[in-house]
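Trainee: Whatever position you read off the sequence shown (first residue = 1), add 120 for the working numbering. Every residue, glycine too, gets a C-beta built ideally from N, C-alpha and C. Note that the structure is a prediction, hence the values are computed from the model and not measured. Here it is, the structure, as structure tokens.
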Amino acid sequence: MYAEVAVNATAPLRQTFTYRIPEGLDLSPGHAVYVPFGPRTLQGIVTEVGPVPAFAEARDIEGVIDERPLLTPERIALARWISDHYLAPLFDCLSLMLPAGFKRKPLTYLQPAFWLGEPGAPEGVGQRLSDAEQTILAHLREHGETEVEALKRALPGRGSIRAIGSLIRSGHIARTYRLARPPVSSKSAPHLRLTAPEAAVRSRIAELKQGGAAKGPKLAVLLEALADESIIPLSRARRIGATPAVLRDLQADGTATVEILPIIRDPLAGRVYPQRAAPALTRDQQAAAEAIRAALHSSLFTLHSSAFLLHGVTGSGKTEVYLAALDHAVALGRRAIVLVPEIALTPQTVRRFAERFPGQVAVLHSEMSLGEQFDVWHEVRDGRFQVVIGARGALFAPQPDLGIVIIDEEHEWTYKQQDASPRYHARAAAEELCRLTDAVLVLGSATPDVETHFRARSGALQLLELPERLVPAGGSVRTAPLPDVEVVDLREELKAGNRGIFSRDLTSAIRSALGAREQVILFLNRRGTASFVQCRDCGHVPECRSCAVALTYHAPAGADPGEPEARLVCHYCNRRYAVPAACAACKGTRVRQVGLGTERVEEEVHAVFPGARTVRWDRDVTGGRDSHESILARFLAHEADILIGTQMVAKGLDIPLVTLVGVVSADIALHLPDFRAGERTFQLLEQVAGRAGRGERGGRVIIQTYTPDHYAIEAAARHNYHALYEREIDFRRRLGYPPFGRLVRLTFAHTNAGYARDQATLMARRLRAERGHLALPNLDILGPAPAFVPRIRGRWRWNVVLRGTDPTAALHNEALPRGWTIDVDPASLL
């Protein structure tokens, strides 16, 4: 028998390799194996098994990594689809679905091939070696076998790499290869298990409490814990009286025994969520839930009957529709995956779902420890949970009996992987996963992606609508209007002499809300204190040495004592610089801050409203574990009056006391050179506006802008998604942008600016030739052009963009040279 194996190689391989299955080795698709690949042994995933080899000279599989297959046939098929659709290496796509820490890179170890002067060593060995070569040999003789990267660190210098290669070629040192140690594995610990009948133990506890023996009270506490729980960790048992002598006595008389048991690292362990009964649904909610329930009874996935767009205004109760659909899926013996766009939203989503499915909800995201991710993955695979909740990557959890996938806030760009291969979109991957598993797909949003809404209007998806906002009224809910939106023209504020951050109307509204003991959200989608600093004499703006971007000025309150309070930070590579006292170009001292960020807004709030309690929510204050949950909990408990934040505050928050939302500047993303800029601005404004008025007191929204007549801002002011949609769809139809065409962005990055430009020019020329060769008249090759940020981390970046009905057709046979990255269906062209 033979197996096709996707190999964890460094090369971007979209193919599999044929290996022979040795006698006695029982393998099936999804098994993880060790395979020889060149001189190394690498990891692989079996994708097919059959009697006929696809390649005649097949080598043997060396061994099995896990006795159980790690992937089901459906997940393997999904990985193949992702690889084909996004032109990504197959193993990278498979690894999306593997447990945390599975991928291990091969390490190269070096050791002396022989010792100088030993019998059998070649004559003249050691002579005519360079100083660097002799230093390397001396190090290896002293320390023995050494991993090559560790050797380079121990012997820094530009000549060490060349010297190592020379010594290998001359036979002075030998190489061996081994995989790195697994970064995580299952965990176990000794536990004390009760083995005696509980009634007998309870009787003994009563005797100990009455007896008055010196060790009686402590032993009674220990036995009581055992009687209540049957099994307790030995570490805890020792804390409550289990001395070595006590343990010996308990085991000798048959009361308890010590066992080594696995420990499950669950981030939700110990959390108790009170069960909440399902509320009565409104007519619109009931209609949407019934449509989804009907699809759950179907055994065959089709887009029109099994995929839904739930378009509901903010506060319309989309989550209750999700929960009603999940109730029905669970009743049918099926399970669910629920995606949220931000890890920040996970805690509140987990709470809502855990209140309906106590003990049956798992959370899975990248901010969990590797151990937690590892254990939750295996628990999910074993069918422990009905619902898995998480950000983008939770889609690939090994949830068996999958019946429904829900993607909340489906319009969010965070569902697109952009940093590393494969650059998939969770929405598209979810659609394929549902097709493969005959599951139902529900996409929910108050501001759907234009492409998704186009598909729903054209009949590819079922459109479900919730047009009315619901607010609590006693023990039930009532319909309520969306909050009033006022647009403030900042040009008029300047004419009136107001040069502060807050317009007169916003200042008055904040003061009124604070006076009524209500809460306020202030939104600005930019971190820091100022956008940049600039010399008033010559105009020089300090830039990052590694990235072609202006440095952002940060002066956060409460900075660490050992850290300078004010600093310049690059938001691309996180390099930090001291704030210059004088201009680096002209030596002038009039270096001033320009623009603003959330830190500056917080400073201004304290200056204008001295008694107001504030909390800030942006990436600069959410580095710690559970920081998102802590910030939200403080605001929900009314420990702060004003929440200041970036786009984190725009999504999914349901805080009844928030009666005012202020958008400090609506213009930040509005004029970016990206065809989605208007749509993104509208979505952000509408989403953040939806945080106001979710309680019985109603709400108000104030949007500050220098461009009040822009169609995106006008549509947000009227809560008119359809006006925005019609404007966008007309614009894209004329220019051939999605959904009327697809895009592929190729990016070349290199430390040499001229070389990067030349390679991009050469690639554009090759693609135009390929277009003619393949006769693809509907394919446009745009560029080459410098990226919006032309240099990041010292590498100059150039883009070539393909636009057409099938732009990947020109790339299937194109092997991209090193330095190129490919992004199919990019979320942005910046």
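#1: Can you tell which of A449, R512, V669 and E267 has its C-alpha closest to the C-alpha of F652?
#2: Leaving out five residues before and five after M768 in sequence, what residues of the same chain have Cβ atoms less than 6 Å from its Cβ?
#3: Count the other C-beta atoms from every protein chain shown that fall within 10 angstroms of the C-beta of Q330, then say buried if there are 16 or more, exposed otherwise.
#4: Taking 6 Å as the limit between beta carbons, can you name the residues of its chain near A633, skipping five residues before and five after?
#5: Do the stretch 249-258 and the stretch 207-216 touch if we need at least three Cβ pairs shorter than 8 Å?
#6: Could you tell me which residues DSSP pairs with G924 in its beta bridges?
#7: Excluding five sequence neighbours on each side, which residues of the same chain lie with their C-beta closer than 7 Å to the C-beta of R396?
#8: Going by CA-CA distance only, name the one from A797, S747 and E168 that's closest to A947.
#9: Do you know how far the Cα of I293 is from the Cα of V562?
#10: Does the distance from the C-beta atom of F795 to that of Y857 stay below 7 Å?
#11: Considering only C-alpha positions, which residue in the set A895, T867 and A616 is nearest to L882?
#12: Which same chain residues end up closer than 6 Å to R160 when comparing Cβ atoms and leaving out the 5 residues on each side of it in sequence?
#13: Could you confirm whether any beta carbon from chain C is found closer than 7 Å to the beta carbon of V481?
#14: For a test of the three-state rule: what should DSSP assign to G682, helix, strand or coil?
#15: Once the 5 residues before and after K536 are set aside, which same chain residues still bring their CB inside 6 Å of it?
#16: Just reading off the beta strand (DSSP E) that H311 is part of, what are its end residues?
#17: For the alpha helix (DSSP H) that contains E749, what are its first and last residues?
#18: Please classify L716 as buried or exposed, where buried requires at least 16 other C-beta atoms within 10 Å of its C-beta.
#19: Can you say whether A398 is buried or exposed, counting buried as having 16 or more other CB atoms within 10 angstroms of its CB?
#20: I'd like to know if the stretch 937-944 and the stretch 690-705 are in contact, where contact means that at least 3 CB-CB pairs between them fall below 8 Å.
#21: Cα separation between A679 and I524?
#22: Quick one: what's K771 bridged to in DSSP?
#23: Would R611 and D740 qualify as a contact pair, given that the criterion is a beta-carbon distance under 7 Å?
#24: Take V172 as the anchor and find which of S280, M121, V166 and L863 has the nearest alpha-carbon.
#25: What is the DSSP secondary structure of L299, reduced to helix, strand or coil?
#26: Check each candidate in R938, N933, F908 and A283 and name the one with the smallest Cα separation from L950.
#27: Suppose contacts are defined by Cβ-Cβ distances below 7 Å. Is L896 in contact with A929 by that definition?
#28: Assuming S425 and S418 form a contact by the criterion Cβ under 8 Å, report the distance between their Cβ atoms to the nearest whole angstrom.
#29: Where does G939 land, buried or exposed, given buried means 16+ other C-beta within 10 angstroms?
#30: Please give the ranges of any beta strand (DSSP E) in the stretch 160-207, keeping only runs that are unbroken, at least 3 residues long and fully inside the region.
#31: Using C-beta distances below 6 Å, list every residue in its chain close to R712, excluding the 5 sequence neighbours before and after it, in chain order.
#32: Would you grab the beta carbon distance between I325 and E344 for me? Rounded to a whole angstrom, and I think it's under 8 Å.
#33: Between A482 and V500, is the Cβ-Cβ spacing less than 7 Å?
#34: Can you give the beta carbon distance from V378 to A456, rounded, assuming they're within the 8 Å contact cut?
#35: To the nearest whole angstrom, what separates the beta carbons of I849 and F574, a pair I think is in contact under 8 Å?
#36: Check whether the stretch 386-396 touches the stretch 526-540, taking contact to mean three or more Cβ pairs, one atom from each stretch, closer than 8 Å.
Mentor: So, from the data block:
#1: V669
#2: A464 and W737
#3: exposed
#4: V640, T779 and L780
#5: no
#6: R862
#7: E475 and R476
#8: A797
#9: 59 Å
#10: yes
#11: T867
#12: P226 and Y297
#13: Absent from the structure: chain C. Only one protein chain is present.
#14: Note that G682 has pLDDT 41, beneath the 50 cutoff, so the model's placement of it is unreliable and the number below is only indicative. Looking at G682 - three-state DSSP - the assignment turns out to be coil, as it is neither helix nor strand.
#15: H545 and A947
#16: K307 to L314
#17: S747 to L756
#18: buried
#19: exposed
#20: no
#21: In this prediction, A679 scores a pLDDT of 44, lower than 50, which makes its location untrustworthy; no coordinate-derived value is stated.
#22: DSSP, once it has assigned bridges, lists no residue as partnering K771.
#23: no
#24: M121
#25: strand
#26: F908
#27: yes
#28: 6 Å
#29: exposed
#30: 160-170
#31: R656
#32: 6 Å
#33: yes
#34: With 8 Å as the limit, V378 and A456 do not qualify as a contact, their Cβ atoms being about 39 Å apart.
#35: 6 Å
#36: no
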